[in-house]
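With the working numbering, the residue at position 24 of the sequence shown is 28, and numbering never jumps.
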Amino acid sequence: MKNLLITYNSKTGKTKKYAEEINNYITSKGVKTALISIDEFDIALVKNAEGILFGAWTNGLMIFLQHPDKPWVKFAKDLPEIKDKKVGLFTTYLLATGSMFKKMKIHLGGKISESMFELKSKKGKLSDHDKVLLDNFIK
Ligand SMILES: Cc1cc2nc3c(=O)[nH]c(=O)nc-3n(C[C@H](O)[C@H](O)[C@H](O)COP(=O)(O)O)c2cc1C
């Protein structure tokens with residue numbers, strides 16, 4: 005992979021930190037990246053990217069009914085179809101991600117072909133397991 009777009013939705017900064025760790029790791033492997041909050045998202049960035057990572061913080065009732073928050077849902081709704089690209093999802097949480105990834109996929113609707121992986125972190129730190137999944141993703 006030559007170009008990766010990393011998007012994130014962060015309320016208190018943990019998902020942003022996680023996105024930055026992912027970005028640092030990916031760039032250390034020689035892949036060009038664009039790292040952007042959904043607030044500053046520009047549709048033109050999608051064009052050149054071979055892969056896109058969608059990050060959002062886990063909202064819900066702590067142990068159940070997890071879902072992305074409203075701004076991310078709107079962001080997903082406004083996206084164009086991106087079936088020709090590799091896609092991965094990531095989130096940060098406190099207790100349980102539960103239905104979070106399932107809901108993210110529902111909101112992305114038929115726009116993506118499939119998600120190749122799901123990364124999650126309580127602290128916004130990249131684990132060794134995350135690194136293995138990212139290595140496969142950028143192959
Ligand atoms: C309104 C609200 C609902 C939350 N619901 C959940 C939840 O259902 N499960 C969970 O594990 N964490 C939940 N959390 C914790 C956040 O997912 C967690 O703190 C996350 O890392 C915040 O990311 P951010 O710093 O990028 O905003 C909730 C936090 C808030 C403010």
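The beta-carbon is built from N, C-alpha and C at its ideal position, and this holds for glycine as well. Here the structure is a predicted model, which is why all the values come from computation and not from measurement.
Environment of residue i [buried if 16+ CB atoms lie within 10 Å]
{"i": "Met104", "result": "buried"}
{"i": "Pro158", "result": "One cannot answer for residue 158 here, as it falls past the ends of the chain, which runs 5 to 143."}
{"i": "Asn63", "result": "buried"}
{"i": "Leu16", "result": "The sequence as given places Thr at residue 16; Leu does not occur at that position. With fewer than 16 Cβ atoms within 10 Å of its Cβ, Thr16 is classed as exposed."}
{"i": "Thr11", "result": "buried"}
{"i": "His133", "result": "exposed"}
{"i": "Leu8", "result": "buried"}
Helix, strand or coil at residue i according to DSSP, with G and I counted as helix
{"i": "Gly128", "result": "coil"}
{"i": "Leu69", "result": "coil"}
{"i": "Glu118", "result": "coil"}
{"i": "Ile110", "result": "helix"}
Residue i vs residue j beta-carbon contact at 9 Å
{"i": "Ile67", "j": "Lys89", "result": "no"}
{"i": "Phe79", "j": "Asn13", "result": "yes"}
{"i": "Thr19", "j": "Thr96", "result": "yes"}
{"i": "Gly55", "j": "Phe141", "result": "yes"}
{"i": "Ile26", "j": "Val50", "result": "no"}
{"i": "Pro75", "j": "Ile42", "result": "yes"}
{"i": "Phe58", "j": "Gly113", "result": "no"}
{"i": "Phe94", "j": "Ala38", "result": "no"}
**OP:** Just list the beta strand (DSSP E) runs in the region 71-98, keeping only unbroken ones of 3 residues or longer that don't cross its boundaries, in chain order.
**Re:** 90-96
**OP:** Note down, one range per segment and in chain order, each alpha helix (DSSP H) of at least 4 residues found wholly within the region 11-47.
**Re:** Assignment of alpha helix (DSSP H) within the region 11-47, counting only whole runs of 4 or more residues, yields 18-32 in chain order.
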